[in-house]
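>
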Amino acid sequence: MTQLSSTAETATDSAREALVARLTEVLGDAVVGSYIKPGLDVWVRVRTDAWRAAGHAVRSHLGMDYFDFLSMIDWLPSPFGKGEDDPTEPPPERSTEVVQGYTGGDTRFQMLARVMSSSSHLGITLKADVPDEPFAVDSWIPVYAGANWHEREAHEMFGVSFVDHPDLRNLYLPTGFEGHPLRKDFPLLARMVKPWPGIVDVEPIPAEFDQDAAEEPAEEAST
Amino acid sequence: MSMLSVTVPYWGQSIFRVVGVLLAVLLPAGTFVYVYLFKMVSFMQSRLGPMEAGPYGSMQLLAEVGKFLQKEDIIPERADRRIFAMAPIIVMVSTFVLFIVVPFGPDAVFHGGPQGITAGVFLALALSSISVLGILMAGWASSNKYSLMGGLRAAGQLIAYELPMVLSVLGVVIQAETLDMQGIVVKQNSGSIFGIDWLGNPYILTQFVAFVIFMIAVQAELTQNPFDMPVAESELVAGYMTEYSGFRFLTFFIAEFATAGAFCAIASTLFLGGWGLPYSWFGWSADSIGSVGNWMNVVGPLILFGKMMALGFVIFWVRFTYPRFREDQLQKFAWKVLIPLSLANIAVTAILKVVF
Amino acid sequence: MTLMSDRNQLAYIAAQAADSRVNVEIETEGMTLNIGPQHPATHGTLRIVARLDGEQVVWAEPVCGYMHRGYEKLTEVRSFPQVTTLINRIDWLGSFANEVPFILAAEQLMEVEAPPRAQYIRTILFELSRISNIALFLGDMAAQLGAVTPVFYAFRDREYVLNLIEGATGGRFHPNFDRIGGLKDDLPAGWIDETKAVMKKMRNFCDEMETLLVGNEIFQHRTRGIGIIPAAVALQYGLSGANLRASGVDWDLRRDQPSPMAWNKADWKVWTHPDGDSFARYWVRLQETRESTRIVDQLLDSLPAGSVMAKVPRIIKVPEGEAWVSTENPLGEMGYYVVSKGDTGPFRVKIRSASFNNVSISSWVLRGVYVPDVITILSSLYFILGDIDR
Numbered sequence: 069m070t071q072l073s074s075t076a077e078t079a080t081d082s083a084r085e086a087l088v089a090r091l092t093e094v095l096g097d098a099v100v101g102s103y104i105k106p107g108l109d110v111w112v113r114v115r116t117d118a119w120r121a122a123g124h125a126v127r128s129h130l131g132m133d134y135f136d137f138l139s140m141i142d143w144l145p146s147p148f149g150k151g152e153d154d155p156t157e158p159p160p161e162r163s164t165e166v167v168q169g170y171t172g173g174d175t176r177f178q179m180l181a182r183v184m185s186s187s188s189h190l191g192i193t194l195k196a197d198v199p200d201e202p203f204a205v206d207s208w209i210p211v212y213a214g215a216n217w218h219e220r221e222a223h224e225m226f227g228v229s230f231v232d233h234p235d236l237r238n239l240y241l242p243t244g245f246e247g248h249p250l251r252k253d254f255p256l257l258a259r260m261v262k263p264w265p266g267i268v269d270v271e272p273i274p275a276e277f278d279q280d281a282a283e284e285p286a287e288e289a290s291t
Numbered sequence: 044m045s046m047l048s049v050t051v052p053y054w055g056q057s058i059f060r061v062v063g064v065l066l067a068v069l070l071p072a073g074t075f076v077y078v079y080l081f082k083m084v085s086f087m088q089s090r091l092g093p094m095e096a097g098p099y100g101s102m103q104l105l106a107e108v109g110k111f112l113q114k115e116d117i118i119p120e121r122a123d124r125r126i127f128a129m130a131p132i133i134v135m136v137s138t139f140v141l142f143i144v145v146p147f148g149p150d151a152v153f154h155g156g157p158q159g160i161t162a163g164v165f166l167a168l169a170l171s172s173i174s175v176l177g178i179l180m181a182g183w184a185s186s187n188k189y190s191l192m193g194g195l196r197a198a199g200q201l202i203a204y205e206l207p208m209v210l211s212v213l214g215v216v217i218q219a220e221t222l223d224m225q226g227i228v229v230k231q232n233s234g235s236i237f238g239i240d241w242l243g244n245p246y247i248l249t250q251f252v253a254f255v256i257f258m259i260a261v262q263a264e265l266t267q268n269p270f271d272m273p274v275a276e277s278e279l280v281a282g283y284m285t286e287y288s289g290f291r292f293l294t295f296f297i298a299e300f301a302t303a304g305a306f307c308a309i310a311s312t313l314f315l316g317g318w319g320l321p322y323s324w325f326g327w328s329a330d331s332i333g334s335v336g337n338w339m340n341v342v343g344p345l346i347l348f349g350k351m352m353a354l355g356f357v358i359f360w361v362r363f364t365y366p367r368f369r370e371d372q373l374q375k376f377a378w379k380v381l382i383p384l385s386l387a388n389i390a391v392t393a394i395l396k397v398v399f
Numbered sequence: 498m499t500l501m502s503d504r505n506q507l508a509y510i511a512a513q514a515a516d517s518r519v520n521v522e523i524e525t526e527g528m529t530l531n532i533g534p535q536h537p538a539t540h541g542t543l544r545i546v547a548r549l550d551g552e553q554v555v556w557a558e559p560v561c562g563y564m565h566r567g568y569e570k571l572t573e574v575r576s577f578p579q580v581t582t583l584i585n586r587i588d589w590l591g592s593f594a595n596e597v598p599f600i601l602a603a604e605q606l607m608e609v610e611a612p613p614r615a616q617y618i619r620t621i622l623f624e625l626s627r628i629s630n631i632a633l634f635l636g637d638m639a640a641q642l643g644a645v646t647p648v649f650y651a652f653r654d655r656e657y658v659l660n661l662i663e664g665a666t667g668g669r670f671h672p673n674f675d676r677i678g679g680l681k682d683d684l685p686a687g688w689i690d691e692t693k694a695v696m697k698k699m700r701n702f703c704d705e706m707e708t709l710l711v712g713n714e715i716f717q718h719r720t721r722g723i724g725i726i727p728a729a730v731a732l733q734y735g736l737s738g739a740n741l742r743a744s745g746v747d748w749d750l751r752r753d754q755p756s757p758m759a760w761n762k763a764d765w766k767v768w769t770h771p772d773g774d775s776f777a778r779y780w781v782r783l784q785e786t787r788e789s790t791r792i793v794d795q796l797l798d799s800l801p802a803g804s805v806m807a808k809v810p811r812i813i814k815v816p817e818g819e820a821w822v823s824t825e826n827p828l829g830e831m832g833y834y835v836v837s838k839g840d841t842g843p844f845r846v847k848i849r850s851a852s853f854n855n856v857s858i859s860s861w862v863l864r865g866v867y868v869p870d871v872i873t874i875l876s877s878l879y880f881i882l883g884d885i886d887r
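Protein chains in written order, with my numbering: chain A, 69 to 291; chain B, 44 to 399; chain C, 498 to 887.
1) I'd like the ranges of any beta strand (DSSP E) spanning at least 3 consecutive residues and lying wholly in the segment 119 to 183 of chain A.
2) Cβ of Ala-93 (chain B) less than 8 Å from any chain C Cβ?
3) Where does Pro-647 (chain C) sit, in a helix, a strand or coil, going by DSSP?
4) Give the single residue among C:Gly-842, C:Gly-829, C:Thr-572 and C:Glu-604 whose Cα lies nearest to the Cα of Asn-854 (chain C).
5) Report the rounded CA-to-CA distance for Ser-102 (chain A) versus Ile-192 (chain A), giving the unit in angstroms.
6) Any beta carbon of chain C sitting closer than 8 Å to that of Gln-374 (chain B)?
7) Would Glu-522 (chain C) pass as an interface residue toward chain A - the criterion being a Cβ-Cβ separation below 8 Å?
8) DSSP three-state call for Thr-266 (chain B): helix, strand or coil?
9) Cβ closer than 9 Å: which chain B residues qualify as neighbours of Ala-639 (chain C)?
10) Assign Leu-741 (chain C) to one of two classes, buried (16 or more other C-beta atoms within 10 Å of its C-beta) or exposed (fewer than that).
11) Using a C-beta cutoff of 8 Å, does Lys-150 (chain A) count as contacting chain C?
12) Can you grab the Cα-Cα spacing for the pair Thr-873 (chain C) / Ala-686 (chain C), in whole Å?
13) Just to confirm the assignment: which complete alpha helix (DSSP H) runs, minimum length 4, are found wholly within the segment 196 to 257 of chain A?
14) Relative to the C-alpha of Met-351 (chain B), which candidate in B:Lys-379, B:Ser-190, B:Phe-59 and B:Met-258 has its C-alpha closest?
15) Am I right that Pro-647 (chain C) and Gly-803 (chain C) are in contact with their C-beta atoms under 8 Å? What's the rounded C-beta distance?
16) Count the other C-beta atoms from every protein chain shown that fall within 10 angstroms of the C-beta of Gln-56 (chain B), then say buried if there are 16 or more, exposed otherwise.
17) The beta strand (DSSP E) with Arg-113 (chain A) in it runs from where to where?
18) What is the DSSP secondary structure of Pro-98 (chain B), reduced to helix, strand or coil?
19) Does Glu-889 (chain C) have its Cβ less than 8 Å from a Cβ in chain B?
20) For Gly-169 (chain A), decide whether its Cβ has a neighbour in chain C, counting only Cβ atoms nearer than 8 Å.
21) Consider the Cβ of Val-574 (chain C): report whether some Cβ of chain A lies at a distance smaller than 8 Å.
22) When the cut-off is 8 Å and only beta carbons count, does Met-87 (chain B) lie next to chain C?
23) From Asp-81 (chain A) to Leu-108 (chain A), what distance separates their C-alpha atoms?
24) Can the beta-carbon of Ser-837 (chain C) be found less than 8 Å from the beta-carbon of Gly-865 (chain C)?
25) Kindly say whether Ala-632 (chain C), judged by its beta-carbon, lies nearer than 8 Å to any beta-carbon of chain B.
26) DSSP puts Val-99 (chain A) in a beta bridge; with which residues?
27) Let's test the definition: count the other Cβ atoms within 10 Å of the Cβ of Asp-870 (chain C) and tell me whether it reaches 16, buried, or not, exposed.
28) Can you tell which of C:Phe-577, C:Arg-566 and C:Ile-532 has the C-alpha that lies nearest to the C-alpha of Glu-952 (chain C)?
29) How about Leu-168 (chain B) and Ile-382 (chain B): do their beta carbons lie closer than 8 Å?
30) Only counting the same chain, and skipping five residues up and downstream in sequence, which positions put a Cβ closer than 8 Å to that of Glu-524 (chain C)?
31) Throw me the rounded Cβ distance for the Asp-772 (chain C) and Gln-795 (chain C) pair, which I believe falls under 8 Å.
32) Counting only Cβ pairs nearer than 7 Å, list the residues of chain B close to Phe-599 (chain C).
33) How about Pro-131 (chain B) and Ile-715 (chain C): are their beta carbons less than 8 Å apart?
34) Looking only at its own chain, which residues have a Cβ that is under 7 Å from the Cβ of Ile-309 (chain B), when we skip the five neighbours before and after it?
35) Looking at the structure shown, is Gly-687 (chain C) part of a helix, part of a strand, or coil, going by DSSP?
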C-alpha cells in the first residue's frame, strides 16, 4: 500500500482537523499550537496549566478512551555529543540552542502524551511546556488510571513532579539513585568510562615500541 | 517359616524380614522412578530422558542417590533443627510400615503373630495418615513462608482426602466380609462373578466406583497432579520440601515414590486380586491357604509387582497430563463430590450384599 | 449442643475476630509474601510484593526494573542502523517484530517506502515471530497451571519456526534483518515451501493445544472467571493486544491502522472474546496463532517479485521531524516516538512497550484473589521482562 489516494488523504485530513477544531472549542485559548501530518498524525500543544484539563477534554469530548503513553522530551542538545569524543583532545564546540519540534514551545522540557480512540482508531499527541520553576505538572491519574506508572517513570528519568500523584517513587531505578538519567546533561556513563572504540586508542604506547628511527636499527641488530 | 524345607533360626528369619522390607520398599520406588519418572514422562513429552548414566540411562537412579548423599547438609539458620531433621524420617517410616500389611504370596506375609495381622485394611489406612504429621513438621520447621504455605495446604488436602479413601475401601470390606488382606485376596481369586469362574472375582468389577474414588484419593494422598498444590512447582518452588537438600531431600523423594508403590500394592490387593491368579485355573480350594501351591510364594510377588506397575502407570500418566486444582476447588471436590459418592457406594454395596 | 445464647455469643466473638483480622493493618495480621524476583512463575526478574490474608491477596504490587537497560538513553548515542540491533532485544521472543515500528518511523521521516516485496517479507517475518512468541505462551501458561507436558510440545514445534527465521535472516532469536528502505537480503531458495510445511505443523500444534488444554475441565476451572478485566478499565490502563481483545474490544492495529505493510493483502479475521478473564486471553491468543499461519500462507502465495531494498543513501541521515508508528506486536501495541534532528542518529526515542501497560494493571486486578490465581492472571496477561523494563 503506497500513497493514499487524494480523496482518502483529504478524508483523514478532515477527521484530524475536526479533532483539533473540537479541542480548540472545548479548551479555548489553552491550545497554543497544532500540527497535522495528513494521513499520519496530529500534534496539539496546550498551556502548562491546562494539562489535566486537556486530558479530560480529549477523553470526554474527543472520545479518546485508550491511554497510549506519557513521557517527556528534553530539547537541549547533548553536551557530550554521541560519546565519541577523543578524551585526549579538548571537547569540541557544540550548539546549546534549545530548538523544539512540531508545534513549537518555549521551554527546554516538554510533556508528551498520546491517546487513541478505540472506536474511530484515531490518535492525538499532546504536548505541553514545562517551566523550570516550578518543575511540575498536574498528574493525569484522575483522567487515565494507567498514567500512574508512566508518570513515575517520567519523574525518575527527568525529575519532573506530578501534582496529586499518590505515590511518586522510583519505578526502574533503585531508591536513593541520584540524578535523572534521561536528561541530556546526565552523561551516559558507559561512554564516559570508555569512549566509543575506533576513534582513539586510549592506551599509551609502551616505551620500547616508540617511533624513534635512531633506535630501531640498533634494536634490530641486537635481536 | 515353612516355605523352605529347611528350618531357619530366628535370627535368620529376622534378617530375611529386614531385607524383605527393604527390597519391598526400595525396589518399587526405584522402578517407579526409573520407568515412569525418567522414561515414560520423557517419551510422553517427546524427549528421551536421561541416557548417559548406564545403558539407556538405567543407572541414573544410582547416580542420583550418590549425588544426593554426598551433598552438604544445609539447615536454615532459623529453622527448628530437631523437627527439621525428624520430618523426612517420619514420612519414610510411615511408608515402610505401610508395606507390612500387604501380602506378597500365600505364605510370604509379614506376620504380626501366629494369626498374622487380621485387621490389615484398618492398619493400612491408619498408618498412611502418619505422613501428614511429617509434612506439617517440614513445612513449619523450615522457617520459610513458602514452605509454611505448602505445609498448610498439604495438611488440609491430605486430611480431606483420607475420608474418601477409607469410605471407598469399606465397600470392598463389606463385599469380602473380612478386614484381613490375605482373606480379601483369597476371596477375590476363589470367587466367581455371574457364574464365570475363570476370571475370579476381582473387586474392580463390582466396586468400580470405589476403585475410581480410591485412585483419586491416592493421587491426592501422594500430592501428585492434579492435586499437587502443596508442591506447586510454579508457585511455591517446592512447597514444604523447599529447604531440604542432600540426603534429607532424598528421603522425601524415595518416600514419595515408595508410598506410590505402597498404595498401588494396596490397591491391587484390594481391587485386582493381589498376588493371586484365579483359583479355578489350578483347582485350588478356597478354604485353606495351604492348598495353594508353594511355587506361588515366588511367583506371587512378581504378579503383585506387575499389577502394581499397571496401576502406577495410570497414576503417573494422570500426573503428567492434568493441570492442578486450586486449593479450594480441591477441597470442594473432596467434600462435596467424593465423600457423598463413596457413602452412596457403601449403601448400594450393603443392599446388594444382603439381597444377593 | 450449645444454648441459643451461647451460640449467639460465639458468633459475635467470631465476627469480631474476623473483622479485626481484616480491618487492622498491622504487619502481624497478614503475611507479606515476596513472589520473585527469582521465581519459576515470572518470566524473568519481576517481583510481586503481596500482602496475604490466609490464601487471599489483600494487595499486590509489582516491582520492576531488575532488568532496566536504559534503552532510551542508549538510542541517543547510536546511529539509526545501530538502534535496530539494540531494539531487537526488547521483546526477545518475537524480536523481528520489535524492529518494524522503528524502521517504519524512520522511513516515514525520510519519506521512503520499501518496495512491495520487502513489505510482504516483512509482514511474513512479523507473523512468524508472532507465531513463535505465542506458541511459547500457549505451552507456558499450561506449565504455570501445573500441566507439565504441553510446554515441551510448544518448544518442540517452536523450533521449526525458529529454524525458518534463521534460514531467512541468519539469527534465531535476534534477526536484525530490517533496514531503512527494505531488508538486508532476499529469501533463500526453498524457503517458501519449507514455510508452508511448517505452517501446517503449527496449525496441528494449535489443534493439539486446543484439545489438550482448552477442553480440559481443570484448566477451565482454573481460568474461567479469574482476573476479569472490563473493557473500560483495560482501555484506561492502555492494555493492548490479545488482552484487550479478550475483553471484547474489537481493535487490531493490523487491520485498523494504515501502514506500509502487507496485512491488508490477506484475508483474515480478528478474534475477540466477551469475557475478559484468563481463559479468554488464552483462547484469543490460540485463535490468533492459527490465524497468523493463514496470513503467512496467503502472503507467500501472492509474494510479488522485485527488489527488497529501496534506494537509500549509504550514510543515512534522517531529516528533522517527529514520527510515531505503532504496530500490533505479539505482546500488544508496540510503538516508537522518534525525534530526529537531521543527524545520523535519533535525538530521542520514546519506546512504548506493550508489557509495561499490561503489567501496570496488576495491582488493580490482583486484589482479593487467591495466591494460585495470582500466577494464573500474571501468566495470562503475558509479559516479557525485557518489554517491561526496556
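Note that beta-carbon positions come from the ideal geometry of N, C-alpha and C, so glycine has one too.
The structure says:
1) 134 to 142, all fully within the segment 119 to 183 of chain A.
2) Sequence check: residue 93 (chain B) is Pro here, not Ala. For Pro-93 (chain B), the answer is no, since every Cβ of chain C falls outside 8 Å of its Cβ.
3) helix
4) Among C:Gly-842, C:Gly-829, C:Thr-572 and C:Glu-604, the Cα nearest to that of Asn-854 (chain C) is on C:Gly-829.
5) 10 Å
6) no
7) Low confidence applies to Glu-522 (chain C): its pLDDT is 37, below 50, so where it sits in the model is not reliable enough to give any reading.
8) coil
9) Pro-366
10) buried
11) yes
12) 43 Å
13) 215 to 226
14) For the residues B:Lys-379, B:Ser-190, B:Phe-59 and B:Met-258, the minimum Cα distance to Met-351 (chain B) belongs to B:Met-258.
15) That pair is no contact at about 41 Å.
16) exposed
17) Start and end: 109 to 114.
18) helix
19) Here chain C comprises residues numbered 498 to 887, so residue 889 (chain C) is not present and cannot be evaluated.
20) yes
21) yes
22) yes
23) 9 Å
24) Cβ atoms of Ser-837 (chain C) and Gly-865 (chain C): not closer than 8 Å.
25) no
26) Paired residue(s): A:Val-114.
27) Buried, by the Cβ-count rule.
28) As displayed, chain C neither begins before 498 nor continues past 887, which places residue 952 (chain C) out of reach and without an answer.
29) no
30) With a pLDDT of 42 at Glu-524 (chain C), under the threshold of 50, the modelled position of this residue cannot be trusted; read the value that follows with caution. Closer than 8 Å at Cβ, skipping near neighbours: no residue.
31) Wrong, their Cβ atoms sit about 30 Å apart, outside the cutoff.
32) Simply none; closest approach about 34 Å.
33) no
34) Val-145 and Ala-167
35) coil
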